[in-house]
Amino acid sequence: MGILIDVKNLKKYFEIRRSLLSKPTYVRAVEDVTFQIPEGSIYAIVGESGSGKSTLGRTILRLIEPTSGTIIYNGQEITRLDNKRMIEYRRQMQIVQQDPYNSLHPRKLVKEIIGEGLKIHFKMRPDEIYLRIKEILEMVGLREEHMFRYPHEFSGGQRQRIAIARALVLRPKFLVLDEPTSALDVSVQARVLALLKELRERFSLTYMFITHNLAVVDYMATQVAVMYLGKIMELGSKDDIFQRAAHPYTLALLDCVPSVGTGRKIRSVPRGEIPNPAKPPSGCVFHTRCPKAQKICQEKEPEFYELSPGHFCKCHFCK
Amino acid sequence: MIGTFIVIGFILIAIFAPILAPYDPIKPNLPQRLKPPSSQHLFGTDQFGRDIFSRVIHGARIEVWIIFLVTVISGTIGTAIGITAGYFGGAVDEILMRITDIFLAFPRLILAMALSAMLGRGLTNAILAISLVEWTVVARLARAEAMKIKSQPYIEAVKAVGASNLRILLFHVLPMCLSPVLVQLTLRMGTIILTAAGLGFLGLGAQPPTPEWGAIVSDGRSYLVQQWWISTFPGLFIAVVVLGFNLLGDGIRDILDPRLRR
Amino acid sequence: MTRGSLVDISKLRVIFHTYRGTIKALNGVELWLNEEERLGVVGETGCGKSVTALSIMRLIEQPGEIIDGKIWFNGKDLLQLSEDEMDKVRGRQISMIFQEPIAALNPVFKVGFQIAETIAHSQNISINDAYTQVREALEMVGLDWQRTIDLYAHELSGGMAQRVMIAMALAVRPKLLIADEPTSALDVTIQAQILELLDKLVSVGKNAVILITHDLGIASEFCDRVAVMYAGNVIEVAPSQEIFNEPLHPYTKGLIDSIPVVGRAKELTGIAGVVPDLVDPPSGCRFHPRCKHAFERCNLELPELVQIKANHYVACHLYH
């Protein structure tokens, strides 16, 4: 299995200026992130708000320009490609966004929303475009007549199916799923997740699945990276994270998941608030909330230790 | 409701002016000069014996023409500049908005006067002058809309699909900006008439014998004490139509903004 | 017959008038609860769980209307009380916390003042006297009172704001606390903190709780009993372990089969179809168009909520 996405030392800082003259401060949304997404995997990025998980996804697609670092897609570095040369890669790398209520243009028909990419990338006749749209709508569980409706005529789950159709009609290889089901009810979520799994098989897709929901990760993912304040704290295969988690933050996250139907559980909840990403703590960014924190954690940032092949952890005490 | 009636009435008058007007609005009829309102001349006649009623009715056509052209010109310039500034942001935004600020720094009527004095007298130049004053309002609004829309996920989605900036701007951002811009333009129509009448009154707009309302008011200036009707009737029409446009604009705004609805 | 010693809601019907028509939001809700009991109300968007809560507080306003039913609370029917009498119940005997705590606080007053005001209102004392209790209220929810007292709502994080809301709600020592999705807007670690805090405080304060949530896991852990709502009806009520392990209603089963659970690999089935439009709801059982087991009677007759085993009620014709 080859590497489809290879991200090295990626950084994305957002500049914040209170006024024109004041000194800018930087929010380090993505801070020195390195990881590889193998072809055909479902790579989950898990984190809470402010972890930079959405920014990471957008930066890899170059919807946001990276501050530094490299992004290699299928052996080709795309970090600094100009807009013209980037277009071909845009076709191959698509996104499904979080909020299906804002991700579809409110004044356009479904066929225009889905057909937009076809018009840009392929020199197709209108009847060919029509067929392609019809075909993809049926694959995502909608019908031909839905083409002539506006987004507001659909439920949240159906809208998310339209967004998936818009991404897949271009026959991409790589799909960033940015919390694709967090705005949906559970019964709808289950069906959308099942659809995503099915489509991945059918089109041999690779997913980067961004979410805060560990249960969904357990259901979907093959690989997992856990982010906190712009950094990857732990990454590994699904079993590495769910069976052999080493980082205190990962353990805390797993512990916080409500159990279903097995009674109350005793958990060690991390204390305190998530720090402001514009002012991250020194040393290990998690030390302010970590139950195991020692003096060294405030002073020195831990390295990325490889615990077993492919299982990395950023903690002084994870060995 | 009232606003809609007034504006519809105004437009109907403009359309059917040749049928409604009993006399020729331009041809002098000196024996009939300065007649007070009567059953023959509903609003009286002016110093050349022309029927004021007919002139006012034909004047509606001129006003509609002015409104139409100013709206189209200022709407186009304003929207183009506004959405470009709002969508690209940064330096483009700074430059375009500072230019807009320069226009906004002067009182409107004075700027319109200066511009039409510069361009020379005449209806066409007056229309140009008013447009050059009016576009700034549209530009600011379109900019604000474009800034709001460009950060919407559906615009990001189009970018992800591979659309160029120009394509996003024209096919995705622009259509969303149009409806607030149109409301604003409706609200401005009353002001446009006022400015046009102001210029006409000062002799900078439509030239005699064109029956522009402001110009007719101006014609009657020297007869105001004895022959009050010459200035009063066109003046009343200006007031009523401006009121009508303002009421209509308010109504449209209320309909589009559910927060103000009761 | 009263089923709950503190709250007993029967046949509650609420409608909303809209330009599209009348939304039949609650279609005869049955819900009851004893003193010190914790009841979870779960369901998906539009099932009426929040409307039920607002009805108990009598906060249904135009264009909404309570058209039928009884809400017995502590021996009185809340729907028969005058506005003045209801004022004495609201914020004294029943208090409420919301999903968006920052929005629920007043943006122009300091946190300390808002807590003091709530306490003053509930105890009929002056605001100055109430201030003495603010410290205790804030410390109770684990906040640094000296720092928090002078902050405005926008200066609080979501977790802190929810703590302030809990402090305000519990400072009046209510018999009943209604929590409407109190942690849905929070991160998982903060959610766990808030639930732990709430659990502790409610145990100490002996408050009864109605916890409204879409997260079945939270309801399962926090509550004694869980009521499942669908399209304006309570369709199943059971002790919280039982409802997850032995669900009876086809909708409850579908819902439980839709939740991914860490460490329990299973295929998620979901529920086919969409939630009905309550302007024109299905006849009979409102779930029947999506139900695999539906038969003729389901289309004709609304099933009543009937006790099947001890403490386990279900509204489904399959069990009658």
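Those sequence lines, one after another, are chains A, B and C. Under the numbering used here, the letters of the first sequence match residues -5 to 313, in that order. Under the numbering used here, the letters of the second sequence match residues 18 to 279, in that order. Under the numbering used here, the letters of the third sequence match residues 6 to 325, in that order. For every residue, glycine included, the Cβ atom is placed at its ideal position computed from N, Cα and C.
Sorted by chain position, which residues of the same chain lie with C-beta nearer than 6 Å to B/Val234's C-beta, five sequence neighbours on each side aside? Phe218, Ser248, Pro251 and Gly252
Considering Cα atoms alone, identify which of B/Glu151, B/Arg78 and B/Gln201 is closest to B/Leu37. B/Arg78
Going by beta carbon distance, what residues of the same chain come within less than 8 Å of B/Arg278, once the five residues before and after it are set aside? For B/Arg278, the predicted model reports a pLDDT of 45, less than 50, meaning its position is unreliable; a value from the coordinates is still stated below. The answer, listed in chain order, is Asp271 and Ile272.
For A/Val263, return the contacting residues in chain C, with the cut-off set at a CB-CB distance below 7 Å. Thr194, Ala197, Gln198 and Glu201
Listed in chain order, which residues of the region 182 to 211 of chain B have Cβ atoms closer than 7 Å to some Cβ of chain A? His189, Pro192 and Met193
Along chain B, which residues have their Cβ under 9 Å away from the Cβ of A/Ser97? Gln169, Pro170, Tyr171, Glu173 and Ala174
Given this structure, state the Cα-to-Cα distance separating C/Gly147 from A/Arg165, to the nearest angstrom. 52 Å
Beta carbon proximity, C/Phe137 to chain A, threshold 8 Å: Reading the sequence as shown, one finds Thr at residue 137 of chain C and not Phe. Not an interface residue.
So that I know if they touch, is there some Cβ in chain A lying closer than 8 Å to that of C/Ile223? yes
So, under 8 Å CB-CB, B/Gly215 and B/Leu126 are touching, yes? Tell me the CB distance rounded to an integer number of Å. 5 Å
Of all the options B/Ile84, B/Pro45, B/Ile83 and B/Ile94, which has the alpha carbon lying nearest to the alpha carbon of B/Arg72? B/Pro45
Distance check for C/Trp77 and C/Met6, CA to CA, integer angstroms please. Since pLDDT at C/Met6 reaches only 47, below the 50 mark, its modelled position is unreliable, and no value is offered.
Going along the chain, which residues of the region 97 to 128 of chain A sit with their C-beta nearer than 7 Å to a C-beta in chain D? Going by chain labels, chain D is absent from the structure shown, which instead holds the protein chains A, B and C.
Straight-line gap, C/Ile248 to A/Tyr7 (C-alpha atoms, nearest Å): 48 Å
Am I right that B/Ile98 and B/Ile147 are in contact with their C-beta atoms under 8 Å? What's the rounded C-beta distance? The Cβ separation is near 17 Å, so there is no contact.
Could you give the first and the last residue of the continuous beta strand (DSSP E) run that contains C/Val231? Arg230 to Tyr235
In the DSSP assignment, find the unbroken beta strand (DSSP E) run with C/Val12 in it and report its ends. Val12 to Thr23
Output the boundary residues of the beta strand (DSSP E) element that contains A/Glu228. Lys225 to Ser231
6 Å CB neighbourhood of B/Pro54 in its chain, flanking five on each side removed: Phe60, Gly61 and Trp246
For the candidate residues C/Asp134, C/Ala135, C/Ala166 and C/Ser100, whose alpha-carbon lies nearest to that of C/Asp149? C/Ala166
Please go through the same chain and pick out, in chain order, the residues whose beta-carbon is closer than 6 Å to the beta-carbon of A/Lys308, but skip the five residues on each side of it. Met227, Pro296 and Phe298
Hey, how far is the Cα of A/Phe142 from the Cα of B/Ala31? 40 Å
Whose C-alpha, out of C/Val169, C/Ile261 and C/Asn316, is nearest the C-alpha of C/Ser225? C/Ile261
Touch check for the region 158 to 174 of chain A and the region 199 to 210 of chain A: three-plus C-beta pairs under 8 Å? yes
Compare the C-beta of B/Ala159 against all C-beta atoms of chain A and say whether one is closer than 8 Å. no
As assigned by DSSP and simplified to three states, the class of B/Arg278: A caution first: B/Arg278 carries a pLDDT of 45, below 50, which makes its placement in the model unreliable, though a value can still be read off. Three-state DSSP puts B/Arg278 in coil, outside helix and strand.
Does any residue of chain A have a CB that is nearer than 8 Å to the CB of C/Thr153? no
Determine whether the Cβ of B/Val178 lies closer than 8 Å to any Cβ atom of chain A. yes
Cβ neighbours of C/Tyr324 in the same chain (closer than 8 Å, five flanking residues each side left out): Leu253, Val311 and Ile313
Euclidean distance between Cα positions of C/Asn133 and C/Arg140: 13 Å
Would you list the residues sitting across from C/His317 in a DSSP beta bridge? C/Lys314
Going by alpha carbons, who is nearest to A/Tyr67 out of A/Thr61, A/Met80, A/Ile58 and A/Arg194? A/Met80
If you check the beta carbons only, do C/Met101 and C/Ile14 fall under 8 Å apart? no
Establish whether the CB of A/Ile65 and some CB of chain C are separated by less than 8 Å. no
Please return the same chain residues whose Cβ sits closer than 6 Å to the Cβ of A/Gln91, not counting the five positions on each side in sequence. Ser97 and Asp172
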